[in-house]
Amino acid sequence: MIRSLILIAALAAPMPALAHNVISSVFPSGSDIEGEVGFSSGDMATDLLIEVFDDAGNKLGETVTDADGFFLYTPTQPITHIFRGDLGAGHVAEVMMPASEVAALMGREAAASTASASVGTPTAPTAALAGLSDQARAELATMIRTELRPLRQEISAYKNKNNLQTILGGLGYIAGLFGLGFYIAARRKMEGGK
Amino acid sequence: MHIVDGALSNPVLIGGAVLAVGGIAMGLKKLPLERIPAAGVLSASFFVASLIHVPIGPSSVHLILNGLAGLVLGWAAFPALFVGLLLQAVFFGFGGLTVLGVNAVNIAGPAVLAGLIFGRLVSRGGPMQGAIWGGLGGGFAIAATTLAVAFSLALSGDEFVPAAKLVFVAHIPVIVIEALLSGAAIFLARRVKPELFAGSKGGWT
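For the record, the sequence lines run as chains A and B.
Residue numbering for the first sequence follows the numbering used here, beginning at 5 and increasing consecutively.
Residue numbering for the second sequence follows the numbering used here, beginning at 38 and increasing consecutively.
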């Protein structure tokens with residue numbers, strides 16, 4: 005028994021400790037909602053069906069993740085969007101984007117389309133006052149998102165990392181708990197024996 | 038294998054918690070003084086087993102080792118596995134505290150079942166025969182756990198058959214590995230420490 009456990013422990017030691025926690029997030033991306041789903045081990049959920057619901061549970065639509073676990077969804081109504089992906093085996097990713105954010109995102113798109121429609125008319129300079137054109141801004145946003153992507157993944161992977169201290173701490177708790185149980189049982193037995 | 042917070046509906050969570058409390062009470066009743074250390078060691082091995090990842094294609098699955106605990110401890114596996122699950126939830130964030138009851142029932146339930154079905158067979162005959170039954174018991178516990186997980190998901194609204202298929206297929210390699218591991222562990226235990234089974238003081242019944 006003990007030998008076999010030592011064997012198991014020895015087998016366990018060199019393996020990387022990875023958790024199977026689901027990570028997911030959504031963020032505005034131009035006029036779309038972009039999100040990612042994956043495991044904290046860095047495996048992203050590919051070709052996963054993401055269903056979109058409102059806060060009453062009515063289905064609004066669905067989308068599918070790409071090879072990197074990212075998905076895109078274009079909102080049609082400024083209401084709360086709940087994205088739900090089932091990774092199987094009880095792993096469910098659920099992220100919400102509140103109505104205000106969706107509205108802001110759609111509002112921006114509406115504003116952008118009116119601005120582009122008015123390009124060429126004498127009133128166009130109002131857009132130039134902002135310093136950056138909408139297109140440059142969108143490109144910049146995409147660039148920043150791409151740069152931040154690995155960082156975000158690394159942070160969430162780091163948050164879910166199990167280090168040796170955690171494992172030893174857990175084992176310590178188990179030893180303590182069962183020691184306590186042993187103590188109580190032994191005391192009860194000794195009292196009964198008297 | 039661990040269901041996460043938010044995947045199940047409230048009635049399922051409450052039902053799972055009630056069942057788990059019943060199982061723990063039953064297990065503690067059937068845990069004699071002599072077996073407490075064994076329960077602790079198996080609880081610890083269950084706690085650590087989930088960190089052993091077996092890579093399969095793009096994904097990976099982790100060991101569970103609930104069958105082994107059930108074969109050795111019988112009913113007493115319930116509290117032992119519950120402690121392991123509780124600490125996994127707290128330390129590693131596996132599953133969650135609200136789903137703890139359901140997870141305990143899904144993982145410890147099949148372990149107890151495996152113990153009740155295969156426990157006596159494991160202690161009979163030679164070590165090799167015991168190992169074969171042990172392997173069957175270990176595999177059976179995982180298979181039953183996948184079905185239990187699919188069933189809890191089904192109770193919360195998922196379709197049972199596709200969910201069961203998904204969980205079951207994903208865990209076929211684990212079933213095989215666990216069967217081999219449980220068999221090997223039982224074989225070793227039968228040779229090195231046969232009294233673990235033969236004594237069986239308040240063991241399985």
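Virtual Cβ for every residue (Gly too), placed ideally from N, Cα, C.
Where residue i and residue j are concerned, what is the direct C-alpha to C-alpha distance, given to the nearest angstrom?
i: Phe115(B); j: Ala81(B); result: 13 Å
i: Ala131(A); j: Asp138(A); result: Since pLDDT at Ala131(A) reaches only 45, below the 50 mark, its modelled position is unreliable, and the value read off the structure follows with that caveat. Distance between the alpha carbons of Ala131(A) and Asp138(A): 8 Å.
i: Thr182(B); j: Asn143(B); result: 5 Å
i: Ala71(A); j: Asp51(A); result: 7 Å
i: Gly138(B); j: Phe131(B); result: 13 Å
i: Ala179(A); j: Val49(B); result: 31 Å
i: Gly59(B); j: Trp112(B); result: 11 Å
i: Val99(A); j: Val30(A); result: 7 Å
i: Ala201(B); j: Ala180(B); result: 10 Å
i: Met194(A); j: Lys66(B); result: 17 Å
i: Arg192(A); j: Phe186(A); result: 10 Å
i: Val41(A); j: Met147(A); result: 20 Å
i: Phe84(B); j: Arg153(A); result: 33 Å
i: Gly150(B); j: Gly171(B); result: The sequence given here places Leu at residue 150(B); Gly does not occur at that position. So the two alpha carbons sit approximately 13 Å from each other.
i: Pro82(A); j: Gly183(A); result: 57 Å
i: Glu105(A); j: Asp42(B); result: 25 Å
i: Ile159(A); j: Leu153(B); result: 45 Å
i: Leu136(A); j: Leu144(A); result: 10 Å
i: Ala148(B); j: Ala60(A); result: 39 Å
i: Arg88(A); j: Gly176(A); result: 37 Å
i: Thr125(A); j: Ala140(A); result: The predicted model places Thr125(A) with a pLDDT of 41, which falls under 50 and marks its position as unreliable, so this point remains unresolved.
i: Leu102(B); j: Val211(B); result: 10 Å
i: His85(A); j: Tyr77(A); result: 10 Å
i: Gly64(B); j: Ala75(B); result: 14 Å
i: Ser189(B); j: Ala97(A); result: 17 Å
i: Thr80(A); j: Leu122(B); result: 43 Å
i: Ser160(B); j: Asn167(A); result: 38 Å
i: Gly229(B); j: Arg72(B); result: In the sequence as displayed, the identity of residue 229(B) is Val instead of Gly. Whole-angstrom Cα-Cα distance: 17 Å.
i: Ala178(B); j: Gly104(B); result: 5 Å
i: Leu15(B); j: Val136(B); result: The structure shown has nothing for residue 15(B), since chain B only spans 38 to 242.
i: Leu155(A); j: Tyr162(A); result: 10 Å
i: Val127(B); j: Gly174(A); result: 9 Å
i: Ser87(B); j: Ala107(A); result: 43 Å
Determine the extent of the alpha helix (DSSP H) in which residue i is found, giving its start and end residues.
i: Glu66(A); result: Where Glu66(A) is concerned, there is no enclosing alpha helix (DSSP H), although the beta strand (DSSP E) it sits in stretches over 63-68.
i: Val41(B); result: Looking at the DSSP string, Val41(B) is not in any alpha helix (DSSP H), and its letter there is neither H nor E.
i: Leu190(B); result: 164-192
i: Pro244(B); result: For chain B, the structure presents residues 38 to 242; residue 244(B) sits outside this window and is missing.
i: Ile214(B); result: 209-229
i: Arg157(B); result: 137-160
i: Ser82(B); result: 73-86
i: Leu108(B); result: 103-110
i: Pro116(B); result: 114-124
Find the residues of chain A that neighbour residue i, judging by a C-beta separation of less than 9 Å, and give them in chain order.
i: Ser80(B); result: Ile178, Leu181, Phe182
So which residues of chain B does residue i contact, with C-beta pairs closer than 7 Å?
i: Ala189(A); result: Leu70, Ile73
i: Gly185(A); result: Ile73
I'd like to know whether the C-beta of residue i is nearer than 7 Å to at least one C-beta of chain B.
i: Leu175(A); result: yes
i: Thr170(A); result: yes
i: Gly3(A); result: In the structure displayed, chain A extends from 5 to 198; residue 3(A) sits before or after that span and is not available.
Is there a C-beta anywhere in chain A that falls below 7 Å from the one on residue i?
i: Val120(B); result: yes
i: Trp241(B); result: The pLDDT assigned to Trp241(B) is 44, lower than 50, so where the model puts this residue is not dependable; a value taken from the coordinates is nonetheless given after this. Output row for Trp241(B): interface = no.
i: Phe197(B); result: no
i: Phe84(B); result: yes
i: Gly77(B); result: yes
i: Leu124(B); result: yes
i: Phe234(B); result: no
i: Phe259(B); result: Since the first and last residues shown for chain B are 38 and 242, residue 259(B) lies out of range.
i: Ser237(B); result: In this predicted model, Ser237(B) has a pLDDT of only 48, less than 50, meaning its place in the structure is not dependable; the value taken from the coordinates is given anyway. No, Ser237(B) does not count as interfacial toward chain A.
Just to confirm the assignment, what range does the beta strand (DSSP E) spanning residue i have?
i: Ala55(A); result: Looking at the sequence itself, residue 55(A) is Glu, so the reference to Ala does not match. It spans 53-57 - the beta strand (DSSP E) in which Glu55(A) sits, taken as one unbroken run.
i: Leu76(A); result: 74-77
Check the Cβ of residue i against every Cβ in chain A and list those closer than 8 Å, keeping chain order.
i: Leu50(B); result: In chain order: nothing, as chain A lies at least about 12 Å away.
Is any heavy atom of the ligand NAP found at a distance shorter than 6 Å from the C-beta of residue i?
i: Lys193(A); result: Inclusion of the ligand NAP in the displayed structure is not the case, the ligand content being empty and no account of it being possible.
How would you list, in chain order, the residues of chain A whose beta-carbon sits under 7 Å from the beta-carbon of residue i?
i: Leu153(B); result: Within chain A, no residue comes near Leu153(B); the closest Cβ sits about 20 Å away, beyond 7 Å.
i: Leu137(B); result: By Cβ distance, chain A contributes nothing, its closest Cβ being about 13 Å from Leu137(B), past 7 Å.
Is the Cβ of residue i closer than 7 Å to any Cβ of chain E?
i: Glu40(A); result: Of the protein chains in this structure, namely A and B, none is chain E.
**Report entry** Contacting positions in the segment 57-75 of chain A - beta carbon closer than 7 Å to chain B
**Finding:** Listed in sequence order: no entries.
Requested in this report: Compile a chain-ordered list of the residues in the segment 170-190 of chain B whose CB is closer than 7 Å to at least one CB of chain A.
Outcome: Listed in chain order, the positions of the segment 170-190 of chain B with a beta carbon within less than 7 Å of a beta carbon of chain A are Val186, Leu190.
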